[in-house]
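Numbering (the UniProt record's numbering), first residue to last: 1 to 226.
Here a beta-carbon is modelled for each residue, glycine too, at the ideal position from N, C-alpha and C.
Notes for the one structure printed next.
Structure representation (structure tokens):
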């Protein structure tokens with residue numbers, strides 16, 4: 001059945017306008033973005049098929065260009081619109097955390113860090129640099145590859161902290177496996193960086209590990225003591 005023949009309250013776009021975007025399923029949200037279906041499949045069926053094939057909304061949105069464009073109903077225009085949507089989301093989160101000290105809104109900080117790191121196919125390590133009032137100054141990814149004590153150079157973290165005139169920072173890295181549990185190397189690395197940065201009076205406020213689900217705060221779990 002053509003989606004135009006559905007009851008108005010069941011059509012994804014009309015449902016969004018009447019009840020709000022939060023009431024839509026992943027497939028319904030994707031259907032709104034795609035706009036139209038293909039021959040023999042309405043837009044909601046198309047969206048459901050894409051989510052099943054890719055394993056979920058995030059996996060589809062993070063698919064490389066060639067793979068996405070190989071799917072029926074996903075042309076260059078729609079692909080560009082989806083990529084623009086992802087970037088708008090990241091910039092929105094970035095502006096949101098700049099409005100208040102990071103420690104007053106830790107949930108927003110974690111959502112922001114997740115948006116910056118979760119899509120990375122390999123491990124990356126970054127820093128959110130903060131001023132004296134713990135407001136964000138800048139975010140940078142400093143290292144790529146397997147994260148351990150041998151691959152992270154404290155002098156580079158110190159150098160970037162001095163460059164931004166940071167008074168504090170939040171360390172972060174991702175686990176592409178999805179498991180946020182820190183390794184012993186994660187804990188040892190955090191304490192090593194904490195000691196190194198203390199020499200220049202820069203405080204490590206937290207180390208956030210991004211995986212599936214809610215990012216993990218090493219501070220909240222007591223791994224930042226030492």
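- DSSP lists 125 as the beta-bridge partner residues of residue 143.
- In the structure shown, residue 136 adopts extended strand secondary structure according to DSSP, grouped into three states.
- Distance check between residue 198 and each of 169, 60, 26 and 58 places 169 closest, using alpha-carbon atoms only.
- Cα atoms of residue 186 and residue 6: separation of roughly 52 Å, rounded to the nearest angstrom.
- Nearest Cα to residue 201 within the set 215, 158 and 171: 158.
- Positions of the beta strand (DSSP E) runs, each at least 3 residues long and wholly inside the segment 2 to 50, cannot be given because no such run exists.
- Two segments are said to touch when three or more pairs of C-beta atoms, one from each, lie closer than 8 Å; by this definition the segment 202 to 218 touches the segment 116 to 136.
- Every candidate beta strand (DSSP E) stretch fails here, since none sits fully inside the segment 60 to 119 while reaching 3 residues.
- In this structure, DSSP gives residue 161 a helical state, which the three-state scheme calls helix.
- In this structure, DSSP gives residue 166 a state outside helix and strand, which the three-state scheme calls coil.
- Between the segment 68 to 77 and the segment 85 to 92, the count of Cβ pairs shorter than 8 Å is below three; the stretches do not touch.
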